[in-house]
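Okay, so the sequence shown: first residue is 9 according to this note's numbering, each after it adds one. Cβ coordinates follow ideal geometry from the N, Cα and C atoms, glycine included. Quick caveat, the model's predicted, so the values are computed rather than measured. Below you'll find the structure, written out as structure tokens, and then a few comments.
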Amino acid sequence: MLAIVLSGCGRKQPSQEQITREAEASLPPEERAAPLPPEPRNKDSDLLKEPDPASPKPAAASPPLGSGDISAYEAWFKKYHLDLNDPKMLDADPDGDGFTNREEFLAGTDPLDPNSHPPTVAARSLIKLKEYNEVRLPVVLEAVEGDKARLKRVEGSGESRVETVRAGDTIHGLPLIVEKVESKQDVDKNGDPVDLSRVILTDSATREKVVLMKDLPAKTSASYALLSSPDGKISLKVHHGDVFTWPGEPGATYKVVDLSRDQVVLEQVENKKMWTIPRM
């Protein structure tokens, strides 16, 4: 008999709660019953409920100090399959290279590869800029007019003379070929006009390219820096583009990216990360 009733029903019968709710809705507003207060929560029964997706999640590892972009931090953790919810993970060193995940994140290196790591502690603390010697090109760009450039030559006696050149010319008395003359005008952040014209030269002997900007001196590849350890026992003379190793730093190779009077910028070849050496 039960089976006959179920098969003939066709649809689920409304509950008593549904019937009451529909009846209330058909009455005028003033005749409807006031809503009942919510039932008190049963703490024991709450333990049996499924977790609410909107409820706070377990504390995860905090973003590294200075990381800024939390989404980038989370993406980095997922990329290397690290546990984002482990608060100790930032101080862990899964590849055993002596650098924590925090340091690897800030340097953008691979925390699972011992050959990919930030500049070594010794190199960062022991390499200093002791001396800088800049060798300048004896030519300064005064102006660009159309496809011609007006250059000021500074002679050894301190005297100067002006020479006008265009692409393809060789600067008189120097192994420098004019590769390109570019005229460009712009405005700075204050709206004032700025002349960004330039001349690109090539040294016919070394094939080095030199860029002349208006009224600015240009340094040549002969410029060099003297790197030294704090105690002066180790020193090394380097030029722009040089690749070198530092004594006591096996497996680390450095390339000179830029030289200036106050600092030298190096790139660690193994992980392509750059860092700055200050002057002593």
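- Shown here for residue 140: same chain residues with a beta carbon closer than 6 Å to its own, the five before and five after excluded, namely 233 and 269 in chain order.
- The segment 108 to 126 and the segment 177 to 187 do not touch, with fewer than three beta-carbon pairs separated by less than 8 Å.
- Here the segment 160 to 178 does not lie against the segment 249 to 259, with fewer than 3 beta-carbon pairs under 8 Å apart.
- When the five nearest sequence neighbours on each side are left out, the beta carbons in the same chain lying within less than 6 Å of the beta carbon of residue 221 are those of 206, in order along the chain.
- By the 16-neighbour rule on beta-carbons within 10 angstroms, residue 193 is exposed.
- Here the C-alpha atom of residue 156 lies approximately 16 Å from the C-alpha atom of residue 223.
- Around the C-beta of residue 180, fewer than 16 other C-beta atoms lie within 10 Å, and the residue is accordingly described as exposed.
- For residue 112, the uninterrupted alpha helix (DSSP H) run begins and ends at 109 to 115, by DSSP.
- Sequence-distant partners of residue 144 (beyond 5 residues in either direction) whose C-beta falls short of 6 Å from its own C-beta, in its chain, are 225 and 227.
- In the three-state reduction of the DSSP assignment, residue 134 falls in the helix class.
- Residue 116 places its beta carbon less than 8 Å from that of residue 281.
- Residue 169: member of the beta strand (DSSP E) spanning 168 to 174, first to last residue.
- Where residue 206 is concerned, the enclosing beta strand (DSSP E) starts and stops at 206 to 211.
- For residue 282, the uninterrupted beta strand (DSSP E) run begins and ends at 281 to 286, by DSSP.
- For the set 215, 99 and 266, the Cα lying nearest the Cα of residue 183 is the one of 215.
- In the DSSP assignment, residue 203 falls within the unbroken beta strand (DSSP E) covering 201 to 203.
- Residue burial is scored here from C-beta neighbours: residue 111 has at least 16 other C-beta atoms within 10 angstroms and is therefore classed as buried.
- Fully contained in the segment 213 to 287 is no alpha helix (DSSP H) run of length 4 or more.
- The alpha-carbon separation between residue 285 and residue 274 amounts to approximately 7 Å.
- Residue 201 is positioned such that its CB atom lies no closer than 8 Å to that of residue 136.
- Taking C-beta separations shorter than 8 Å and ignoring five residues to either side along the sequence, the partners of residue 170 in its chain run 150, 158, 159, 160 and 161, following chain order.
- DSSP places residue 99 in the helix class (H, G or I) of the three-state scheme.
- Residue burial annotation: residue 105 is buried, with at least 16 other C-beta atoms found within 10 angstroms of its C-beta.
- A Cβ-Cβ contact shorter than 8 Å links residue 138 with residue 288.
- Distance from the CA of residue 267 to the CA of residue 120, rounded to the nearest whole angstrom, comes to 33 Å.
- The shortest CA-to-CA distance from residue 250 to any of 109, 272, 118 and 147 is the one to 272.
- Where residue 144 is concerned, there is no enclosing beta strand (DSSP E), because DSSP gives it neither an H nor an E.
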